[in-house]
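Numbering (this note's numbering), first residue to last: -16 to 311.
First comes the structure, then the notes that go with it.
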Ligand code: PBG
Ligand code: ZN
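See the structure below:
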């Protein structure tokens, strides 16, 4: 049937009609809020992050009170990023696997004082003196990010997070074999119920720039292109995700989200695992900036998050979670 028998506008004729025919809905349970926690910060002295309007670095106490506030508004889960004291960083990223490290202590407090699902980012870059996500081999000006040697360190980080009570560990380093290395270490130590959310298709993206300012994790030399994916590659994302699934990942993640909606969709079509998408710092900051100067209105926040959901994401890691809990 064609026009005039078929009229698509019937489905849009009133707010109520539009409400009941809506195909995609954004729920509070879909959102994971990233929170930055900095060692050595005084309570009450949260630090504004200039490149991420509305985001701050918190002390553990302040982060927990903020988390409680958001939990009251319906937030269900957080992902914790830590910043150790600058002078404790070393070649191996030791503060990342200290039992009383900033993330480990924060996890304990969140688990004691809230019912939030606590996810921890597992990586070395915020903790290494060179800022890379793995160990470095240096040779007269040349350097290489070592793969296999890094795995045991990542597994150690994940184990200390699980011991502290993390519900989910999320490796973001992009070393080959990290999921199985982490799974084996967790299982051997009695943490077979700790989930792994793997940053499976993590691209070497310029949209991470504000995050690197936020947590001071930019590599001091070189870039991450030898381990993060080339933004031009889509089929390779399927291979990455398949390996993570075989190695034991419980959730597959795509990162960034908005410039990679096709990747979210193809992982959703290809795999039966839950799919998460990371609406990264650059995606947050460009929309915030657009709203601040008046080029955009706040409506673009939900519209862009809905696009991520519509592409197939079951979960969305987003700094906008705090902004929209009252609106969905
Ligand atoms: C580091 C890490 C990055 C992000 C999360 N974990 C940045 C990077 O790979 O340099 C990016 C998050 C964001 O931009 O919001 N392993
Ligand atoms: Zn890293």
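From the three backbone atoms N, C-alpha and C, an ideal C-beta is built for every residue, glycine too.
Keep in mind that this is a model prediction, so the values were computed, not measured.
Should residue i be counted as a contact of the ligand PBG given a C-beta to heavy atom distance under 8 Å?
i, result
"residue 112", "no"
"residue 282", "no"
"residue 276", "no"
"residue -14", "no"
"residue 104", "yes"
"residue 161", "no"
"residue 1", "no"
"residue 193", "yes"
"residue 302", "yes"
"residue 64", "yes"
"residue 264", "yes"
"residue 218", "no"
"residue 261", "yes"
"residue 305", "no"
"residue 207", "yes"
Any heavy atom of the ligand ZN closer than 8 Å to the CB of residue i?
i, result
"residue 107", "yes"
"residue 200", "yes"
"residue 155", "yes"
State the start and end residues of the unbroken alpha helix (DSSP H) segment that holds residue i.
i, result
"residue 52", "43 to 55"
"residue 163", "161 to 171"
"residue 294", "282 to 294"
"residue 194", "192 to 198"
"residue 224", "218 to 230"
"residue 317", "For the chain, the structure presents residues -16 to 311; residue 317 sits outside this window and is missing."
"residue 249", "244 to 253"
Whole-angstrom Cβ separation of residue i and residue j, contact assumed at under 8 Å?
i, j, result
"residue 15", "residue 250", "The Cβ separation is near 17 Å, so there is no contact."
"residue 151", "residue 180", "5 Å"
"residue 248", "residue 294", "5 Å"
"residue 291", "residue 240", "5 Å"
"residue 82", "residue 143", "6 Å"
"residue 40", "residue 55", "About 22 Å separates the two Cβ atoms, so there is no contact after all."
"residue 148", "residue 91", "6 Å"
"residue 104", "residue 62", "6 Å"
"residue 114", "residue 203", "5 Å"
"residue 265", "residue 191", "6 Å"
"residue 24", "residue 42", "4 Å"
Where does the unbroken beta strand (DSSP E) through residue i begin, and where does it stop?
i, result
"residue 260", "258 to 262"
"residue 126", "125 to 128"
"residue 307", "Segment 304 to 307 is the alpha helix (DSSP H) holding residue 307; no beta strand (DSSP E) there."
"residue 18", "14 to 21"
"residue 181", "178 to 185"
"residue 301", "298 to 301"
"residue 236", "234 to 238"
Next on the checklist: In chain order, what are the residue ranges of uninterrupted alpha helix (DSSP H) at least 4 long that sit wholly in the segment 67 to 151?
Outcome noted: 85 to 96 and 131 to 147
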